[in-house]
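Quick notes on the structure that follows.
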Amino acid sequence: MRRAATLFATTALAATTLVATPASAAPATITQVPYPIDSSNQAAWWSPLDTYNAYAYLAFNEPGSQAGTHKVAIARRDGAGAWTKLPVMNGSAQAEYTDDDGHNQPSVARDGSGRFHVFASMHNNAWRYFRSDTVGGNPTLHSADLPDQGVGVTYPVLSTAPNGDLYLIARLDGAQSAGRSGRLYRWNDAASTWTRVAVFAESANRAVYPDDLQFDTAGNLHILWEWGLWPATAFRHQLSYLVYHPATGAFTDHSGASVTVPVSTSTADVIQPVEAGEVYQGNDGTGPAVQSAKLTLDGTSPKVAYRYRKNDVFTVRYAYTNGTWLRETVFDQAQTSAAIDITWAGDGKRVYYTTATGGMYVATKPGTAWTAAAVAPGLPVTRFAVERSSTQGDVLYLVDLTNLRLYYGRN
Numbered sequence: 001m002r003r004a005a006t007l008f009a010t011t012a013l014a015a016t017t018l019v020a021t022p023a024s025a026a027p028a029t030i031t032q033v034p035y036p037i038d039s040s041n042q043a044a045w046w047s048p049l050d051t052y053n054a055y056a057y058l059a060f061n062e063p064g065s066q067a068g069t070h071k072v073a074i075a076r077r078d079g080a081g082a083w084t085k086l087p088v089m090n091g092s093a094q095a096e097y098t099d100d101d102g103h104n105q106p107s108v109a110r111d112g113s114g115r116f117h118v119f120a121s122m123h124n125n126a127w128r129y130f131r132s133d134t135v136g137g138n139p140t141l142h143s144a145d146l147p148d149q150g151v152g153v154t155y156p157v158l159s160t161a162p163n164g165d166l167y168l169i170a171r172l173d174g175a176q177s178a179g180r181s182g183r184l185y186r187w188n189d190a191a192s193t194w195t196r197v198a199v200f201a202e203s204a205n206r207a208v209y210p211d212d213l214q215f216d217t218a219g220n221l222h223i224l225w226e227w228g229l230w231p232a233t234a235f236r237h238q239l240s241y242l243v244y245h246p247a248t249g250a251f252t253d254h255s256g257a258s259v260t261v262p263v264s265t266s267t268a269d270v271i272q273p274v275e276a277g278e279v280y281q282g283n284d285g286t287g288p289a290v291q292s293a294k295l296t297l298d299g300t301s302p303k304v305a306y307r308y309r310k311n312d313v314f315t316v317r318y319a320y321t322n323g324t325w326l327r328e329t330v331f332d333q334a335q336t337s338a339a340i341d342i343t344w345a346g347d348g349k350r351v352y353y354t355t356a357t358g359g360m361y362v363a364t365k366p367g368t369a370w371t372a373a374a375v376a377p378g379l380p381v382t383r384f385a386v387e388r389s390s391t392q393g394d395v396l397y398l399v400d401l402t403n404l405r406l407y408y409g410r411n
């Protein structure tokens, strides 16, 4: 059922204008994945979806052998729409872990050789890393292949480089005096080895919260993260950005200026600065704060969607560069949930978000105003991920925690 007259908001951070959903906006094509999910399959800061040509790979938590546990698997969809489940293996048994909602969901990527890489169930845990030993095969345990052994790791996010290498960002434990750092790693596909590229962000009494990393058309890697109060908090601040240039090993900010890493809260390229009344806060904080963000690229130009709490409501904001960072409000009429994403195609930017009541929407800006349309009317979407595919359009990973179902969609 098409939603044709619901009102949504668009602002330039100063005023709010209500706009109607256009009658021509059609919902996405949605297909239920034929495997049950566990209630722990929920997070906003992850990368559970990858695509390759007509294929889609959805990493997920399925029910464990007992209550409070989950097993890790990949649902693979081929070009004809047929599904195959690939259990992620820990020795002779499927990998199984204790539930830790919002933290331990899997991230997946396919390298240039066709091998799957999965990072799963890590919340201040040592590496839990799995890789296919054969092209397209079930991932098996390879945790010992990573640098920085014996350190607690959280929020692994993956991206595949144009040459088939993989890049990974994650937060690693650290003392309060140093902070919990953000680190960048590279999988050399030709050599089949992992190395640490750099500690890209670190600040005393702060914890890094990785959000996203994406390659641009020039082959450079754009990195997005937030800062929280050490050791951890649900509410973060100073959404930050960095570019890594694999060809030279250099780091730059959005203007192309050279940057020395690790950056700190005082040296980072900050997209969302601390606003009036905003302070670093613990889990019981109620003031302005950031929570979850994603980025996309128009050529080499970054476009960012993120949630920002203002007046006790987590609004949806959009940021882009024009010599400096500029910000707009996409939606601020109701409470939103933690998930957010953004894509860019020939028809421009698309910002995806969900409301606290379970409705999922995509907002576009064809003119001077943001316009929103329902993505999956009637489906209670709690968490999601979106990836732009050159052959499939926007590919959707939709989580329905009410009925414990996972959906694949195209928009």
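Using our numbering, the first residue of the sequence shown is number 1, and each one after it goes up by one. Positions of the beta carbon are idealized from the N, C-alpha and C atoms, including for glycine. This structure is a prediction, so every number in the text was calculated from the model and none was measured.
- Query: When DSSP builds the beta bridges, which residues end up paired with residue 326?
  - Reply: Position 326 of the sequence shown holds residue 326. Paired residue(s): 320.
- Query: Looking at the structure shown, is residue 363 part of a helix, part of a strand, or coil, going by DSSP?
  - Reply: Mapped onto the sequence shown, residue 363 falls at position 363. In the three-state DSSP reduction, residue 363 falls in the strand class (E or B).
- Measure the Cβ-Cβ separation of residue 296 and residue 342 and say whether it is below 8 Å. As a position in the sequence shown, residue 296 is number 296, starting the count at 1. As a position in the sequence shown, residue 342 is number 342, starting the count at 1. Contact: yes.
- Item | Complete runs of the beta strand (DSSP E) confined to the region 127-171 [at least 3 residues] | With a minimum length of 3 residues, the unbroken runs of beta strand (DSSP E) contained wholly in the region 127-171 fall at 129-132, 139-141 and 153-160.
- To the nearest angstrom, report how far apart residue 83 and residue 377 are at their CA atoms. Taking the first residue of the sequence shown as position 1, residue 83 is located at position 83. Taking the first residue of the sequence shown as position 1, residue 377 is located at position 377. Approximately 24 Å between the Cα atoms of the pair.
- Message: Going by beta-carbon coordinates alone, are residue 119 and residue 106 separated by less than 8 Å?
- Response: On the sequence shown, position 119 is the one that residue 119 refers to. On the sequence shown, position 106 is the one that residue 106 refers to. Yes, these two residues count as a Cβ contact at 8 Å.
- Count the other CB atoms within 10 Å of the CB of residue 21; is the residue buried (16 or more) or exposed (fewer)? Against the sequence shown, residue 21 aligns to sequence position 21. Per-residue confidence for residue 21 stands at a pLDDT of 37, beneath the threshold of 50, marking its modelled position as unreliable; the derived number appears in the next sentence. Classification of residue 21: buried, given that the 10 Å Cβ count is 16 or more.
- Task: Check each candidate in 28, 213, 249 and 37 and name the one with the smallest Cα separation from residue 240.
- Result: Along the sequence shown, one-based indexing puts residue 240 at 240. Measuring from the Cα of residue 240, the nearest candidate turns out to be 213.
- Message: One question on the structure: do residue 336 and residue 355 come within less than 8 Å of each other, judged by their Cβ atoms?
- Response: Here residue 336 refers to the residue found at position 336 when the sequence shown is read from its first residue. Here residue 355 refers to the residue found at position 355 when the sequence shown is read from its first residue. Less than 8 Å separates the beta-carbon of residue 336 from that of residue 355.
- Query: If residue 189 and residue 165 are in contact, beta carbons under 8 Å, what's the gap, nearest whole angstrom?
  - Reply: Taking the sequence shown and counting its residues from 1, one reaches residue 189 at position 189. Taking the sequence shown and counting its residues from 1, one reaches residue 165 at position 165. Going by Cβ atoms, the distance from residue 189 to residue 165 rounds to 5 Å, so yes, they are a contact pair.
- C-beta contact flag for residue 78 and residue 93 at 8 Å: Residue numbering aside, residue 78 sits at position 78 when the sequence shown is read from its first letter. Residue numbering aside, residue 93 sits at position 93 when the sequence shown is read from its first letter. Their beta carbons are not under 8 Å apart, which means residue 78 does not touch residue 93 by this criterion.
- Distance, residue 298 Cα to residue 405 Cα: For this step, residue 405 is matched to residue 405 along the sequence shown. For this step, residue 298 is matched to residue 298 along the sequence shown. Cα-Cα distance, rounded: 33 Å.
- Message: With three or more C-beta pairs closer than 8 Å as the rule, is the region 265-283 touching the region 227-242?
- Response: Enough Cβ pairs lie closer than 8 Å, so yes.
- Message: What ranges does the beta strand (DSSP E) occupy inside the region 192-244, keeping only unbroken runs of at least 3 residues that lie completely in it?
- Response: Qualifying beta strand (DSSP E) stretches, in chain order: 193-201, 206-215 and 221-229.
- Item | Endpoints, the beta strand (DSSP E) within which residue 403 is located | Along the sequence shown, read from residue 1 onward, the residue named residue 403 stands at position 403. Segment: none, residue 403 is in no beta strand (DSSP E) and carries neither H nor E.
- Task: Tell whether a beta-carbon distance below 8 Å holds between residue 247 and residue 285.
- Result: Position 247 of the sequence shown, counted from the start, is the residue given in the question as residue 247. Position 285 of the sequence shown, counted from the start, is the residue given in the question as residue 285. For residue 247 and residue 285, no; Cβs fall outside 8 Å.
- Task: With DSSP collapsed to three states, give me the class of residue 124.
- Result: For this step, residue 124 is matched to residue 124 along the sequence shown. Correct three-state label for residue 124: strand.
- Message: Let's see if you can read the secondary structure: which residues bound the beta strand (DSSP E) around residue 308?
- Response: For the purposes of this step, residue 308 is identified with residue 308 of the sequence shown, where counting begins at 1. Element bounds for residue 308: 301-310.
- Same chain only: Cβ atoms within 7 Å of residue 36, ignoring 5 sequence neighbours per side: Counting from 1 along the sequence shown, the entry for residue 36 is found at position 36. So the qualifying residues of the chain are 62, 63 and 404.
- Item | Coarse secondary structure for residue 416, derived from DSSP in three states | Limits of the chain in this structure are 1 at one end and 411 at the other, which puts residue 416 out of reach.
- the region 309-318 in contact with the region 251-267 per 3-pair CB rule at 8 Å: Using a C-beta cut-off of 8 Å, the region 309-318 makes no contact with the region 251-267, since fewer than three inter-stretch Cβ pairs fall below that distance.
- From 69, 113 and 114, residue whose alpha carbon lies closest to that of residue 97: As a position in the sequence shown, residue 97 is number 97, starting the count at 1. Comparing Cα positions, the closest option is 69.
- Message: Can you list, in chain order, the residues of its chain with a C-beta nearer than 7 Å to that of residue 110? Leave out the 5 residues immediately preceding and following it.
- Response: Translated into the one-based positions of the sequence shown, residue 110 becomes position 110. Excluding positions up to five away in sequence, the list reads 50, 52, 57, 116 and 160.
- Item | Beta-carbon spacing of residue 33, residue 407 below 8 Å | The residue you call residue 33 lines up with position 33 of the sequence shown. The residue you call residue 407 lines up with position 407 of the sequence shown. In this structure, residue 407 lies closer than 8 Å to residue 33 by Cβ.
- Task: Just tell me which of 114, 400 and 320 has its CA closest to the CA of residue 304.
- Result: As a first step, residue 304 must be located in the sequence shown, where it is residue number 304. Comparing Cα-Cα distances from residue 304 to each of 114, 400 and 320, the minimum goes to 320.
- Could you check if residue 351 is buried or exposed, using at least 16 other CB atoms within 10 Å of its CB as the buried criterion? Mapped onto the sequence shown, residue 351 falls at position 351. That one is buried.
- Nearest to residue 349 by CA position, among 325, 333, 360 and 388, is which residue? Counted from its first residue, the sequence shown places residue 349 at position 349. The shortest C-alpha separation from residue 349 is found at 388.
- Item | Residues bridged to residue 344 [DSSP beta-bridge criterion] | Against the sequence shown, residue 344 aligns to sequence position 344. Per DSSP, 349.
- Item | Beta-carbon proximity list for residue 24, same chain, < 6 Å, skipping 5 on both sides | Within the sequence shown, the letter at position 24 stands for residue 24. Model confidence at residue 24 stands at a pLDDT of 39, short of 50, so the residue's coordinates are unreliable and nothing is read from them.
- Where the beta strand (DSSP E) containing residue 295 begins and where it ends: For this step, residue 295 is matched to residue 295 along the sequence shown. Looking at the DSSP string, the run of the beta strand (DSSP E) that includes residue 295 is 289-298.
- Item | Spatial distance of residue 95 from residue 103 (CA atoms) | One-based indexing of the sequence shown puts residue 95 at position 95. One-based indexing of the sequence shown puts residue 103 at position 103. The straight-line gap from Cα to Cα measures roughly 16 Å.
- Message: I need the DSSP call for residue 393, collapsed to helix, strand or coil.
- Response: Sequence index remark: in the sequence shown, residue 393 carries index 393 (1-based). Looking at residue 393 - three-state DSSP - the assignment turns out to be strand.
- Task: Could you pull out every residue in the same chain whose Cβ sits closer than 8 Å to the Cβ of residue 254, ignoring the five residues on either side in sequence?
- Result: Reading the sequence shown from its first residue, position 254 is the one you call residue 254. Only residues of its own chain outside the window of five on either side were considered, and among them 241, 243, 269, 302, 321 and 325 have a CB closer than 8 Å to the CB of residue 254, listed in chain order.
- Item | Boundaries (first-last residue) of the beta strand (DSSP E) holding residue 29 | Counted from its first residue, the sequence shown places residue 29 at position 29. It spans 29-32 - the beta strand (DSSP E) in which residue 29 sits, taken as one unbroken run.
- Please state whether DSSP places residue 335 in a helix, a strand or coil. The residue labelled residue 335 in the question sits at position 335 within the sequence shown. Coil, per DSSP.
- Compute the Euclidean distance between the alpha carbons of residue 261 and residue 191, then round it to the nearest angstrom. Counting from 1 along the sequence shown, the entry for residue 261 is found at position 261. Counting from 1 along the sequence shown, the entry for residue 191 is found at position 191. Computed Cα separation, rounded: 26 Å.
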